[in-house]
Amino acid sequence: MSLVNLVIVLALLVVVAYYLAHSRSLALAKPLGGIRHLHSLPLYYGLRGAIWCGLPALTLLTLWLVLDDPLVRALVLAGLPPDTVPDGVAETNLLMSTVVNVASGALPADAQASSIVAAAEHYNALRATGRSVIAVATVAVAVAGLLWSVRRMSPRLRARQEVERVFRWALLACACVAIFATFGIVVSVLIESIRFFEVVPLADFLFGLEWSPQMAIRADQVGSSGAFGAVPLFMGSLLISAIALVVAVPVGLMSAIYLGEYASARLRNIAKPALEILAGVPTVVYGFFAALSVAPFIRDLGARLGLSVSSESALAAGLVMGVMIIPFVSSLADDVITAVPRSLRDGSLALGATRSETVKKVIIPAALPGIVGGVLLAASRAIGETMIVVMAAGMAARLTFNPLEAVTTVTVQIVTLLVGDQEFDSPKTLAAFALGLMLFLTTLLLNVIAQHIVKKYRELYD
Amino acid sequence: MTTAALESTVATAAPDRHRVTELSEILAQRTVGQPFVDAAKVRTRNVNVYYSEKQAIFDVSLDIGRNQVIAMIGPSGCGKSTFLRALNRMNDTVVGCRVTGEFLLDDEDIYSPKMDPVALRARVGMVFQKPNPFPKSIYDNVAYGAKLHGLASRRIELDEIVEGSLRKAGLWEEVKERLAEPGTGLSGGQQQRLCIARAIAINPEVILMDEPCSALDPIATARVEELIAELAQNYTIAIVTHSMQQAARVSHRTAYFHLGKLIEVNDTQLVFTSPQHELTEAYITGRFG
Amino acid sequence: MTEHKASTAQIIRASLKRRYRAERRFRLYGFLAVCFGLFAVLLLLADIIGKGHGAFRQTYVQLRIHYDPEVLGIGTATDPAALALGDYDALVRQALYERFGEPTERVERRELSALISNGAGYELQARLRANPALLGTSETLWLLADDDIDAWFKTRGGDEFTGRMSERKLLWVDRLLENDEIELRFNREFFARGDSREPELAGIGGAAKGTLLTLAITLLLSFPLGVAAAIYLEEFAPQNRWTDFIEVNINNLAAVPSVIFGLLGLAVFINFFQMPRSAPVLGGVVLALVTLPTVIISSRAAIKSVPPSIREAALGVGASRMQVVLGHVLPLAMPGMLTGAILGMARALGETAPLLMIGMVAFIVDVPRGFSDPATVLPVQIFLWADSPERAFVEKTSGAIMVLLAFLILMNALAVVLRKRLERRW
């Protein structure tokens, strides 16, 4: 039975369970004089039946879906003659994928060794058995659940509480998905990073000044070792983020102040949504804009001024990234500025301060913690931003603070190392995970600090 | 006005039609007592204030005597704070607020285009309901206005201004050891006296006080009231208050506002001993408010 | 005393001029900042539209095609297998020779056949297979021009034209122009086709379908999960450390750079769960995780905005917590939740970086048919085209961006309308 059919059968059984339980509750209620003598509404008896029928069966099925493939693979691998199984993990994986491909018919069987063909047949046989076993088991569990739940029904049964408890647990499970996602990120990135640090020492990665991840295909090639010093990448990320913040912070802050303090209602109603457009534009569009319009413009401008500007300058990428985070900074600034109590503003104005003096001498100092928090959040955004730098910054890892040169960033390298075909165990691929770990930790740290500052700031004026 | 009609305003749950007739009656009346004085510091004539479409002040004319304290009392929403804020054009900062009528500060028109609101507010200082020290040091709070207006050219002058103001506000002895600490760290009463010190540091001619003691405990209130009495020797003070006892204690004259209308003005003693208007009497005898 | 007061007033008046200058300067800075932002918006949009408006029209050349079995090399056979094997490019060449005369030199011949797109042969093949009776007859057809001709024709060789165009080609195009045998037509194919190496044949159809499939999975996962999580956190969660931990997690997840989710997809979903690479189902799962925090946060805000009095009223007549939530809170919070979901989807629609790492960057010609077919999405298609060396792809890229932005504007407008029409004020 195919998976789709199995799910359909299961769904039908659940519906049947609902109606059986529902009608049985009515039947139970009849001699007592109506459903008000039942503990719960018939609806809940029905739902309870459906849950008992569907939930265990579905759990079993999910478990099988997760475990089926690894289990079958392990069994097939164990069934192979020991001398045909290679030592390394990568080689074993390669062998297994050959077996799987032969089994599915993607690779012609006649070109393969007999042990592989046998393994492929073994694989197919195991999968077929597994499928029939699970189909029978699922249906059996569903029917058993159905019968059990219907037979145990009585007018005193607290069906609603039972159903609601299951719902509650389901809601909790959904809330925990976010935790699983975080957990998944941390574990996957950490495991691959540890494997990376087994090949490349942590100190070399953190403090090395040279980045050239080209690994040789053969061990005897020149320069086979590669260099994995991440300092130039972090410097590149910092340089571009700094340029972005230099653009975004003053512009975002000043426009928030202008729109909040000076602008007429009409201008505000037009300018605010218009600036929000900048936040909604996908980053890939900014990347295109940076690479095809801004970078050539800056290069030509530089040439006219007699400067040599790289066609993939950090300046172009940083400038466009700055434009991207203007609305982010501006709305955060707007939030913290409106959180400053009106009484402070009135106090300053009543002393004869002009509006700008009030803003500069009272409001901004009072809102400073909030603004600092906002800038940190913006910085974390800028460091993690990927598409603009992938498209508009360079690939060459260079240790420089000159914004007119091309630099590369952490995110660019993660993408470059992982796009296209990769062999999964080479240090080159693993390096991307190590970079990902560093990026994750950096942004996490920035966010935790920023959120802490902003929270403290809000408590100050609440 | 009949006693029956009066009763209908006094009763809080009065039906609407009584209120409407009562409101129009109040509006039609002239202010009772003596709204005008000789050699007034501030003169206002026929003042109306509107918030968008809603009128908050109806045709108020009132003089504030030089170096006198005038108290403005009345039930909530009677427009006394609005009137106060009109005196230093703080209402300019409220969107949709419109002021008509004549305002003269020493014969200068407060609302003329030539009058600069910044310079005006330096001359007419204000103290607010809730103490609002800036999140700066005690010193910087007091020095704020002087620095803005360039009143001190040297640090030593600034020090003098700060010390003088804190002394006048009766706070010097309490804070002289910790001038660098944040003003927000003081107690409520100290904060309010700090705000008063901040206001007098720029040497204003008039000080407006908008319920300055409503957020303070009785002891702090007494301290601030003493201060007001001392300040009255050199400054013209207008104070809005909820507390009739406070008005009786600190003010020379008292103005009673009701529903945006100035009902009665007179020497404080007269107002509290023999009010001439039924509404005033009803209010000070605690029948509403 | 009065003297002192007068001097204070004088000092203040003297300083006013300087202070108002500073005030005006400050105001100007603010105005310039707003202008800078607005200018950036306009520049961005103008640049994209300026480059991309041409993508929706394509140059076609009129030719008389004779379905000559000899040129096709298939004899008189009319069965589909034989028709598929014919040399249809030769038909196009033949038609061009007939129109302009067969050039003697090979270089010239090659240039002549380069007037028409490589895809023209496939079109002829499709026509003939649909109607085998055409074999041996002739018909006049508008065929797609090559991208160089297209670029030249759109600018008429003006200053903006930066492509390659030889003298000979110019002469031929002039002859076409004289007889109105070349024109711009609405490029319907742009919306239907998949990717191609030839700019004139490349379309966003495949990417758009991929986006649709991917977003369907994203919505299906992140909306119910997000709403359920929000309900739990707002209505049921006890005040304890576990709840705090969940909240901190959600907030931090919202700030994790999206590229990291790509790493998660690669390591967990591809390598561990063996999900199919490049497939919409995988992209959808990854984007669901990217958008989940957004959906949860906006759903919580929507639930919070339902006044407690409603809950108390329902609890007061004896409803259980669950009945209150499902019967009263959820329906009232639904518009806000939907708005949040749409905004989350808008974010997912523009997301590129994580999809690069799970193989959705492959060059895929076919329009995907199902959730596990290899596919790409619009933003990734834009990324791929932006990288192409052919200049004609710049126009295609900008055109694709215009379509993407149109969708985003549509979704945001929908969210605004939904919020305005359905959200209740309490």
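Chains as they are written, first to last, in the working numbering: chain A, 1 to 462; chain B, 463 to 751; chain C, 752 to 1177. We put the beta carbon where it would ideally sit given N, CA and C, even for glycine. Remember, it's a predicted structure, so these values are computed and weren't measured experimentally.
Notebook entry, point to check: With a cut-off of 8 Å, does the C-beta of alanine 467/B fall near any C-beta of chain C?
Noted result: For the purposes of this step, residue 467/B is identified with residue 5 of the second sequence, where counting begins at 1. Caution applies to alanine 467/B, whose pLDDT of 41 falls short of 50 and renders its modelled position unreliable; the value that the coordinates give is listed next. No, no contact with chain C.
Note to self: Counting C-beta neighbours from all protein chains within 10 Å, is the total for glycine 801/C 16 or more, i.e. buried, or is it exposed?
What the structure shows: Your numbering for residue 801/C matches position 50 in the third sequence. It counts as exposed.
Margin query: For a contact defined as C-beta to C-beta under 8 Å, what are the partners of leucine 1043/C on chain A?
Written below: Start at 1 with the first residue of the third sequence, and residue 1043/C comes out as number 292. Per Cβ cutoff of 8 Å: Val177, Ala178 and Ala181.
Check: If we cut at 8 Å on Cβ distances, does phenylalanine 782/C have a partner in chain A?
Finding: The residue you call residue 782/C lines up with position 31 of the third sequence. So yes, phenylalanine 782/C belongs to the interface.
Next item on the list: Could you round the C-beta distance between arginine 711/B and glutamate 692/B to whole angstroms and report it? I think they count as a contact, below 8 Å.
Entry: Here the question's residue 711/B lines up with position 249 in the second sequence. Here the question's residue 692/B lines up with position 230 in the second sequence. That belief does not hold up - the Cβ atoms of arginine 711/B and glutamate 692/B are roughly 13 Å apart, past 8 Å.
Item checked: Continuous alpha helix (DSSP H) assignments of at least 4 residues falling wholly in the segment 275–330 of chain A -> 283–289 and 295–304
Next item on the list: Under 6 Å Cβ to Cβ from valine 733/B, same chain only, skipping five residues before and after it: list those, please.
Entry: Along the second sequence, read from residue 1 onward, the residue named residue 733/B stands at position 271. Correct list, in chain order: Thr716.
Item checked: Sub-8 Å separation of alanine 393/A and valine 407/A beta-carbons -> Translated into positions along the first sequence, residue 393/A becomes position 393. Translated into positions along the first sequence, residue 407/A becomes position 407. In this structure, valine 407/A lies closer than 8 Å to alanine 393/A by Cβ.
Next item on the list: Check each candidate in Asp571/B, Ile701/B and Cys540/B and name the one with the smallest Cα separation from arginine 418/B.
Entry: Since the first and last residues shown for chain B are 463 and 751, residue 418/B lies out of range.
Notebook entry, point to check: Does the beta-carbon of lysine 516/B have 16 or more other beta-carbons within 10 angstroms, so that it is buried, or is it exposed?
Noted result: Mapped onto the second sequence, residue 516/B falls at position 54. Exposed.
Note to self: Contact defined as beta carbons within less than 8 Å: I believe valine 85/A pairs with histidine 122/A. What is the distance between those atoms, to the nearest angstrom?
What the structure shows: On the first sequence, residue 85/A is found 85 positions in, with the first residue counted as 1. On the first sequence, residue 122/A is found 122 positions in, with the first residue counted as 1. The Cβ separation is near 14 Å, so there is no contact.
Next item on the list: Give the single residue among Val812/C, Thr1090/C and Pro1125/C whose Cα lies nearest to the Cα of aspartate 901/C.
Entry: The residue labelled residue 901/C in the question sits at position 150 within the third sequence. Looking at the Cα atoms, Val812/C is the closest of the given residues.
Check: Which term fits leucine 437/A, buried or exposed, when burial requires 16 or more other beta carbons within 10 angstroms of its beta carbon?
Finding: As a working note, residue 437/A is residue 437 in the first sequence. Buried, because 16 or more other Cβ atoms sit within 10 Å of the Cβ of leucine 437/A.
Notebook entry, point to check: Can a CB atom of chain A be found closer than 8 Å to the CB of threonine 483/B?
Noted result: Walking along the second sequence from the start, residue 483/B turns up at place 21. For threonine 483/B, the predicted model reports a pLDDT of 46, less than 50, meaning its position is unreliable; a value from the coordinates is still stated below. No, threonine 483/B lies away from the interface with chain A (no Cβ there is under 8 Å from its Cβ).
Next item on the list: Output the distance between the C-alpha atoms of glycine 226/A and valine 200/A, rounded to the nearest integer angstrom.
Entry: Residue mapping note: residue 226/A aligns to position 226 of the first sequence, counting from 1. Residue mapping note: residue 200/A aligns to position 200 of the first sequence, counting from 1. Cα-Cα distance, rounded: 10 Å.
Check: Can you give the Cα-Cα distance for phenylalanine 440/A and asparagine 1002/C, rounded to whole angstroms?
Finding: Translated into positions along the first sequence, residue 440/A becomes position 440. Translated into positions along the third sequence, residue 1002/C becomes position 251. Cα-Cα distance, rounded: 14 Å.
Next item on the list: Report the partner residues of lysine 723/B according to the DSSP bridge assignment.
Entry: Locating residue 723/B in the second sequence gives position 261, where the first residue counts as 1. Lysine 723/B pairs with His720/B.
Notebook entry, point to check: Any C-beta of chain A sitting closer than 8 Å to the C-beta of aspartate 898/C?
Noted result: Along the third sequence, read from residue 1 onward, the residue named residue 898/C stands at position 147. Chain A contact via Cβ: absent.
Next item on the list: Using a Cβ cut-off of 8 Å (strictly closer), state whether glycine 34/A contacts chain B.
Entry: Your numbering for residue 34/A matches position 34 in the first sequence. It does not: the Cβ of glycine 34/A has no partner Cβ on chain B nearer than 8 Å.
Margin query: Does the segment 1085–1093 of chain C come into contact with the segment 918–926 of chain C, if we say contact requires no fewer than three beta-carbon pairs (one atom in each stretch) closer than 8 Å?
Written below: no
Check: Relative to chain A, which residues along the segment 1077–1108 of chain C have a C-beta separation below 8 Å, given in chain order?
Finding: Ala1097, Leu1100, Gly1101, Glu1102, Thr1103, Ala1104, Leu1107 and Met1108
Item checked: Classification of serine 917/C by the beta-carbon crowding that lies within 10 angstroms, buried from 16 upward -> Taking the first residue of the third sequence as 1, we reach residue 917/C at position 166. Under this definition serine 917/C is an exposed residue.
Next item on the list: With phenylalanine 520/B as the anchor, note down where its beta strand (DSSP E) starts and where it stops.
Entry: Counting from 1 along the second sequence, the entry for residue 520/B is found at position 58. Start and end: 516–527.
Checklist line | Beta-ladder partner(s) of leucine 895/C, from DSSP | finding: If you number the third sequence from 1, residue 895/C lands on position 144. Paired residue(s): Tyr811/C.
Check: When you check each C-beta in the segment 760–773 of chain C against every C-beta of chain B, which residues fall closer than 9 Å?
Finding: Ala760, Ile762, Ile763, Arg764, Ala765, Ser766, Leu767, Arg769, Arg770 and Tyr771
Note to self: Contact criterion: CB-CB distance below 8 Å. Does phenylalanine 750/B meet it with respect to chain A?
What the structure shows: Here residue 750/B refers to the residue found at position 288 of the second sequence. Output row for phenylalanine 750/B: interface = no.
Next item on the list: Determine which residues of the segment 1057–1077 of chain C have a Cβ less than 8 Å from any Cβ of chain A, and write them out in chain order.
Entry: Ser1071, Arg1072 and Met1073
Margin query: Please list, in chain order, the residues of the segment 486–500 of chain B that have any C-beta partner in chain A closer than 8 Å.
Written below: none
Next item on the list: Go ahead and label glycine 748/B buried or exposed: buried means 16 or more other beta carbons lie within 10 angstroms of its beta carbon, across all protein chains shown.
Entry: Position 286 of the second sequence, counting from 1, holds the residue named residue 748/B. When all chains shown are included, glycine 748/B counts as exposed.
Notebook entry, point to check: Which whole-angstrom value is the C-beta distance of phenylalanine 941/C and glycine 954/C, which I expect to be below 8 Å?
Noted result: Taking the first residue of the third sequence as position 1, residue 941/C is located at position 190. Taking the first residue of the third sequence as position 1, residue 954/C is located at position 203. So it is a contact: roughly 5 Å between Cβ atoms.
Margin query: Please give me, in chain order, every unbroken run of the alpha helix (DSSP H) with length at least 4 that falls completely inside the segment 650–693 of chain B.
Written below: 650–662 and 680–693
Next item on the list: Using a Cβ-Cβ cut-off of 8 Å, state whether valine 246/A counts as contacting chain B.
Entry: Here residue 246/A is taken as the residue at index 246 of the first sequence, counted from 1. No, its Cβ sits nowhere closer than 8 Å to a Cβ of chain B.
Next item on the list: Decide if tyrosine 19/A is buried, meaning its Cβ has at least 16 other Cβ atoms within 10 Å, or exposed.
Entry: Looking up residue 19/A in the first sequence gives position 19. Tyrosine 19/A should be labelled exposed.
Margin query: Given this structure, state the Cα-to-Cα distance separating isoleucine 257/A from leucine 741/B, to the nearest angstrom.
Written below: For the purposes of this step, residue 257/A is taken as residue 257 along the first sequence, with counting starting at 1. For the purposes of this step, residue 741/B is taken as residue 279 along the second sequence, with counting starting at 1. Roughly 47 Å separates the two Cα atoms.
Next item on the list: Give me the Cα-Cα distance between valine 843/C and arginine 195/A, rounded to the nearest whole angstrom.
Entry: Locating residue 843/C in the third sequence gives position 92, counting from the first residue. Locating residue 195/A in the first sequence gives position 195, counting from the first residue. Answer to the nearest angstrom: the Cα atoms are 58 Å apart.
Notebook entry, point to check: Should the segment 365–376 of chain A be called in touch with the segment 311–320 of chain A, which here means at least 3 C-beta pairs below 8 Å?
Noted result: no
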